[in-house]
Amino acid sequence: MRTSEPITALAAHKDLTFVASGAHALTYRRGKKLSRMTAPSKALIISIIFLREVILALGLNNALYVWKLEDGELVSEVELGESFNASYPCTYVNKLLVGSHDGVLQLWNIRTIFQSSIHQ
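FYI, in the numbering used here the residues of the sequence shown are 72 to 191.
Below, the structure is given as structure tokens:
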């Protein structure tokens, strides 16, 4: 398995491996590429998270991209503002924790991520 650009982030779930390379989020199963999703803005992806049936990727442009795992369809692009990073706390069901360098934390419900944050 080889990517055309340097790998910037990795995530795994069962037999799936998720790779961020340039502006692409790639899905592999046992070394075989299954899908390739591209950030619409062509921004470098710096973080990748698998959450149930979606893949979330944080771009260097501070946008969060959400793709369906089953077909690679881009479901949402959320502008987070400057200096944000994202994490999936494994004890939170359907939640994504997004934090900024200035100390602001946002807790997003993945089912409503397309609308607004639920806690800040």
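Every residue, glycine too, gets a C-beta built ideally from N, C-alpha and C.
- Here ARG101 carries a coil assignment [DSSP, helix/strand/coil].
- The alpha-carbon of ILE126 is positioned some 5 Å away from that of TRP138.
- For the segment 80 to 131, the full-length beta strand (DSSP E) segments reaching 3 residues or more read 87 to 92, 95 to 100, 103 to 109, 116 to 122, 125 to 130 along the chain.
- The shortest C-alpha to C-alpha distance from SER154 to any of TRP179, LYS166, LEU140, SER118 is the one to SER118.
- In this chain, the beta strand (DSSP E) harbouring GLY170 covers 166 to 171.
- Here the alpha carbon of GLU124 sits roughly 31 Å from the alpha carbon of ASP173.
- Across the set LEU87, LEU105, GLY170, the C-alpha of GLY170 shows the shortest separation from the C-alpha of LEU135.
- When the alpha-carbon of HIS84 is set against those of LEU140, LEU178, ASN180, the nearest one is in LEU140.
- Under the 10 Å beta carbon count, LEU81 is surrounded by fewer than 16 other beta carbons and is classified as exposed.
- Taking 8 Å as the cut-off, the Cβ atoms of LYS104 and LEU97 count as close.
- At a Cβ-Cβ threshold of 8 Å, SER112 and ASN133 do not count as neighbours.
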